[in-house]
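Engineer: Quick note on my numbering: the sequence shown kicks off at 6 and runs consecutively. Each residue gets a CB set at the ideal place from its N, CA and C atoms; glycine is no exception. Everything numeric in this text was worked out from a predicted model, so none of it was measured.
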Amino acid sequence: MLENYSYFQNEAHKISHLLQTHEEVLILSHPNPDGDSIGASLALFLILNKLGHKVKVVVPNIYPSFLGWLPAIQNIIIYDKHERIVKKLIQQNSLIFCIDFNNLKRLNHLSNLFTENNHTYVLIDHHPDPDEYFDIKFHSIQVSSTSELVYELLVMMGLEDKIDVDVAMNLYVGIMTDTGSFSYSCNHPRTYEITSRLIAKGIDAQKIHNLIYDTFSEHRMRLLGHVLLNCMEVMPEYKTVYMWLSLEDQKKFHFQIGDAEGFVNYGLSIQGIRLAAFFTEKPGLVRVSFRSKGNFSVNDLARKYFDGGGHLNAAGANSYKPLTETLRYFETIIKENELVLCQED
Numbered sequence: 006m007l008e009n010y011s012y013f014q015n016e017a018h019k020i021s022h023l024l025q026t027h028e029e030v031l032i033l034s035h036p037n038p039d040g041d042s043i044g045a046s047l048a049l050f051l052i053l054n055k056l057g058h059k060v061k062v063v064v065p066n067i068y069p070s071f072l073g074w075l076p077a078i079q080n081i082i083i084y085d086k087h088e089r090i091v092k093k094l095i096q097q098n099s100l101i102f103c104i105d106f107n108n109l110k111r112l113n114h115l116s117n118l119f120t121e122n123n124h125t126y127v128l129i130d131h132h133p134d135p136d137e138y139f140d141i142k143f144h145s146i147q148v149s150s151t152s153e154l155v156y157e158l159l160v161m162m163g164l165e166d167k168i169d170v171d172v173a174m175n176l177y178v179g180i181m182t183d184t185g186s187f188s189y190s191c192n193h194p195r196t197y198e199i200t201s202r203l204i205a206k207g208i209d210a211q212k213i214h215n216l217i218y219d220t221f222s223e224h225r226m227r228l229l230g231h232v233l234l235n236c237m238e239v240m241p242e243y244k245t246v247y248m249w250l251s252l253e254d255q256k257k258f259h260f261q262i263g264d265a266e267g268f269v270n271y272g273l274s275i276q277g278i279r280l281a282a283f284f285t286e287k288p289g290l291v292r293v294s295f296r297s298k299g300n301f302s303v304n305d306l307a308r309k310y311f312d313g314g315g316h317l318n319a320a321g322a323n324s325y326k327p328l329t330e331t332l333r334y335f336e337t338i339i340k341e342n343e344l345v346l347c348q349e350d
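In structure tokens, the structure reads:
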């Protein structure tokens, strides 16, 4: 059950009223879309289509190939490939749902397209400290995922009976992927109540798991082996592991979007490790993923040192230093935080 239930009921009522007065709806998610952002967006798309709305779904760039089988994914419009179409959609749609991100800055160069208009923005998200820019905030950090929040919203709007197998599959994928196949961020009974109801809609949970986690290429598996053997530094005295992936290695192993998904979690599999970080070199920047155990907040770490953010035990950021310099900088950060890293929860 959501905390402050009356607040969420009120926000759900506002959303219902908006939908009564808006036929056209735009659903937008964050760059580098993942299972939760895609699953939540498509579930909402399918429901609103059933209600007779004209709905468009936009993501800034390509999604991982292992999500390519999701129901209705062919309806997603990728900004990087269709800039003119997306700009026109933003101008035409005055009601915009912002899914799985809480600050327009996360949209990078896309953000200017939204700050230049007077549209109504509905936030559905589970990350801390949402921006004040949004008109309606269906927001909680107590849930496993944004997909879980979408389910709660549909229930409050009296639309649970509209959740069919396709909607359920999208929501289930969102919850499953954002909890690492139910291994973290899922300590509330409500998460399991919701997933059981989704399974009861007729989805095949085992098949979904296989489609997400057991369809990687040989190149991806060899890349993982290379990273674990040659690109992993263990700092046991600081209970920390970090790994990295250079542009050179990406080319060598035929890297595709999504190939490094979950690599950062391997660091936490080492006994005694409390913090894991994964650094992916991109043209002009380094993408950083953080994971932690216990009460060590990688959200605070990402915000303080990298202007990033996320959750208590999962966060992300960008570094604009070269890869080698970023790794050295990270080592100094870890040494500065030795006392916090090494204390017992």
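Between aspartate 196 and glutamate 153, which are expected to be in contact by the criterion C-beta below 8 angstroms, what is the C-beta distance as a whole number of angstroms?
Structural biologist: In the sequence under discussion, the amino acid at residue 196 is threonine, which differs from the aspartate named in the question. Rounded, the Cβ-Cβ distance is 6 angstroms, consistent with contact.
Engineer: My assumption, with CB atoms under 8 angstroms, is that threonine 285 sits in contact with alanine 265. Please give the rounded CB distance.
Structural biologist: Contact flag correct, Cβ pair sits at about 6 angstroms.
Engineer: Please confirm if the stretch 333-345 is in contact with the stretch 236-255, defined as three or more CB-CB distances below 8 angstroms between the two stretches.
Structural biologist: With the cut-off at 8 angstroms, the stretch 333-345 and the stretch 236-255 touch.
Engineer: Which residues does DSSP pair with serine 324 in a beta bridge?
Structural biologist: Bridge partners of serine 324: Val291.
Engineer: With H, G and I counted as helix, E and B as strand and the rest as coil, what does DSSP make of histidine 144?
Structural biologist: Strand.
Engineer: Going by the beta-carbon positions, is the gap between isoleucine 262 and proline 69 smaller than 8 angstroms?
Structural biologist: A contact, by the Cβ cut-off of 8 angstroms.
Engineer: Answer yes if the stretch 64-78 comes into contact with the stretch 6-20, meaning at least three C-beta pairs across the two stretches below 8 angstroms, and no otherwise.
Structural biologist: Result no; under three Cβ-Cβ pairs closer than 8 angstroms.
Engineer: Give me the Cα-Cα distance between isoleucine 199 and isoleucine 129, rounded to the nearest whole angstrom.
Structural biologist: Between isoleucine 199 and isoleucine 129, the C-alpha separation is close to 17 angstroms.
Engineer: Can you give the Cα-Cα distance for isoleucine 83 and cysteine 103, rounded to whole angstroms?
Structural biologist: Answer to the nearest angstrom: the Cα atoms are 15 angstroms apart.
Engineer: Can you say whether methionine 161 is buried or exposed, counting buried as having 16 or more other CB atoms within 10 angstroms of its CB?
Structural biologist: Result: buried.
Engineer: Leucine 128 lies in the beta strand (DSSP E); which residues open and close that run?
Structural biologist: Start and end: 125-130.
Engineer: If alanine 77 sits next to aspartate 171, beta carbons under 8 angstroms apart, how far is it from one beta carbon to the other, in whole angstroms?
Structural biologist: With 8 angstroms as the limit, alanine 77 and aspartate 171 qualify as a contact, their Cβ atoms being about 7 angstroms apart.
Engineer: Kindly list the residues whose CB is nearer than 8 angstroms to the CB of glutamate 28, restricted to its own chain and excluding five residues on each side of it in sequence; keep chain order.
Structural biologist: For glutamate 28, where only same-chain residues beyond five positions count, the Cβ hits under 8 angstroms are Gly57, His58, Lys59.
Engineer: Would you kindly report the start and end of the unbroken alpha helix (DSSP H) that includes leucine 53?
Structural biologist: Element bounds for leucine 53: 40-55.
Engineer: Give me the Cα-Cα distance between lysine 257 and asparagine 235, rounded to the nearest whole angstrom.
Structural biologist: Rounded to the nearest angstrom, the two C-alpha atoms are 14 angstroms apart.
Engineer: Going by the beta-carbon positions, is the gap between proline 135 and lysine 142 smaller than 8 angstroms?
Structural biologist: It is a contact, given that the beta carbons lie within the stated cut-off.
Engineer: With DSSP run on the structure shown, which of helix, strand or coil describes threonine 245?
Structural biologist: DSSP places threonine 245 in strand when its eight states are reduced to three.
Engineer: Please state whether DSSP places glutamate 253 in a helix, a strand or coil.
Structural biologist: Correct three-state label for glutamate 253: helix.
Engineer: How far does the beta strand (DSSP E) with lysine 86 in it extend, from its first residue to its last?
Structural biologist: Here lysine 86 belongs to no beta strand (DSSP E), and DSSP marks it neither H nor E.
Engineer: Can you have a look at glutamate 137 and say buried or exposed, based on whether 16 or more other CB atoms are within 10 angstroms of its CB?
Structural biologist: Flag for glutamate 137 reads exposed.
Engineer: Give the straight-line distance between the Cα atoms of glutamate 88 and methionine 237, rounded to the nearest whole angstrom.
Structural biologist: The alpha-carbon atoms of glutamate 88 and methionine 237 are separated by roughly 38 angstroms.
Engineer: Should valine 291 be counted as a contact of the ligand MN given a C-beta to heavy atom distance under 7 angstroms?
Structural biologist: This structure lacks the ligand MN; in fact it carries no ligand of any kind.
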